[in-house]
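Report on the following structure.
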Amino acid sequence: MNKPTKDVLVAIMNNQKDFAIAQNELWYRIPKDKAPLNIRENKAKLISFYHTKTFKNENSTIRCFGEIKNISLVRRRELFPKEIENTKTENEYYKIEFFPLRELVIPIISLRPRWQLFIQTTEENFFSAKEINFLFSRSQLEDKFWTTLLRFNIYAEREYFISVSNKNFFLDFALFCKNKNIDIEVDGDLYHMDNDAVRNDKNRNNLLESKGWSVLRFTSKEIEYNLNDSINIIRETVNKCGGIQDMQNPNQFSYLNKNDGQTRMFE
205 MNKPTKDVLV AIMNNQKDFA IAQNELWYRI PKDKAPLNIR ENKAKLISFY
255 HTKTFKNENS TIRCFGEIKN ISLVRRRELF PKEIENTKTE NEYYKIEFFP
305 LRELVIPIIS LRPRWQLFIQ TTEENFFSAK EINFLFSRSQ LEDKFWTTLL
355 RFNIYAEREY FISVSNKNFF LDFALFCKNK NIDIEVDGDL YHMDNDAVRN
405 DKNRNNLLES KGWSVLRFTS KEIEYNLNDS INIIRETVNK CGGIQDMQNP
455 NQFSYLNKND GQTRMFE
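Residue numbering for the sequence shown follows our numbering, beginning at 205 and increasing consecutively.
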């Protein structure tokens, strides 16, 4: 079965000037060396924007989208011909041109503000998502794990970006707890048997743990054949870390009941 094409790009929009260009001139730029795969391979059909705190009431939301009509590689001087020459003048950018932006019927929100540079997703996910975590889809295994977490009232942030000691990481699943946050990683068995991968994972774990994170790793076999055991380990870890944060009420945390997945709240 072929994987659905990730033909939607959600790009960060962190200043009013760039959004005015998107609204009025109908284009958006991405530095060549930072462009996501669906732009480099010319597979994106739609572009949308994740608004940061610069937009105040629209902070942490995705509200509009446009149909892409052309993607080209240009130099900055072509994008901004009136700009005074500087060190960036000859830099290359992907110029993404699109038809007039349209408003989503219901904005896609992020309950927890995040620095999300790009999200590549499918049209199906984009038009059905009401919350940003439902845009992500890396593998059937991770999607299955995500669905199971939700069923047991364990709400995680997917593909959550953090920077530790000048190193950038995307956490597969981030749980925010009262006393200590939890990073849950889903490891492909073949890749993580490689010596270099094991070494990198260990270094990564050490860095995260030095900044107060607890790291849990589960293999594909554990998720496929021992999913209940994996969920129980997560529950126990959440409870040891003081309970999981309620997304709607950040001052409230929940212990996870081992018997039925229900929660009890405390201040």
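Ideal Cβ positions, reconstructed from N, Cα and C, are used throughout, including at glycine.
Beta-carbon proximity list for residue i, same chain, < 6 angstroms, skipping 5 on both sides
i       : result
Ser-252 : Val-214, Ile-266, Phe-269
Ile-323 : Val-214, Leu-339
His-396 : Residue confidence is low: His-396 scores 48 on pLDDT, short of 50, so the model does not pin down where it sits. No coordinate-derived value is stated.
Met-217 : Phe-223, Phe-253, His-255
Thr-293 : Arg-280, Arg-281
Ala-333 : Ile-312, Leu-339
Other residues of its chain near residue i: CB distance less than 7 angstroms, five sequence neighbours each side excluded
i       : result
Pro-208 : Thr-326, Glu-328
Phe-349 : Val-390, Ile-427
Pro-169 : Here the chain comprises residues numbered 205 to 471, so residue 169 is not present and cannot be evaluated.
Per-residue DSSP class, three states only, for residue i
i       : result
Glu-271 : strand
Arg-479 : No answer is possible for residue 479: it lies beyond the span of the chain, which begins at 205 and ends at 471.
Ile-408 : It should be pointed out that residue 408 corresponds to Arg in this sequence rather than to Ile. In this structure, Arg-408 counts as helix in the three-state DSSP scheme.
Ala-248 : coil
Tyr-359 : coil
Ile-427 : helix
Ser-276 : strand
Ala-215 : strand
Leu-379 : strand
Lys-207 : coil
Gln-466 : For Gln-466, the predicted model reports a pLDDT of 47, less than 50, meaning its position is unreliable; a value from the coordinates is still stated below. Correct three-state label for Gln-466: coil.
Phe-340 : coil
Ala-224 : helix
With 16 other Cβ atoms within 10 Å as the buried cut-off, status of residue i
i       : result
Ile-358 : buried
Gln-452 : exposed
Glu-361 : buried
Lys-210 : buried
Leu-277 : exposed
Tyr-232 : buried
Rounded distance between the beta-carbons of residue j and residue i, thought under 8 angstroms
i       : j       : result
Tyr-298 : Lys-236 : 6 angstroms
Glu-271 : Phe-223 : Not confirmed; about 18 angstroms, so no contact.
Asn-263 : Pro-317 : 7 angstroms
Cys-381 : Gln-449 : 7 angstroms
Val-212 : Phe-330 : 5 angstroms
Thr-352 : Leu-431 : 6 angstroms
Gln-220 : Thr-258 : 6 angstroms
Glu-363 : Phe-374 : 5 angstroms
Asn-409 : Val-402 : Not confirmed; about 11 angstroms, so no contact.
Contact set for residue i: own chain, Cβ-Cβ below 8 angstroms, skip 5 residues either direction
i       : result
Asp-391 : Asp-405, Arg-421, Phe-422, Thr-423, Ser-424
Gly-416 : Lys-384, Asn-385
Ile-275 : Ile-243, Asn-246, Ala-248, Tyr-298, Lys-299, Ile-300, Glu-301
Glu-307 : Arg-267, Cys-268
C-beta neighbour in chain D for residue i, strict 8 angstroms
i       : result
Val-212 : Going by chain labels, chain D is absent from the structure shown, which holds only one protein chain.
Practice problem: Pair every Cβ in the stretch 280-296 with every Cβ in the stretch 239-259, then say whether three or more of these pairs are closer than 8 angstroms. | Solution: no
Quiz item: With contact counted as at least three CB pairs below 8 angstroms, one residue from each stretch, are the stretch 438-446 and the stretch 363-376 in contact?
Solution: no
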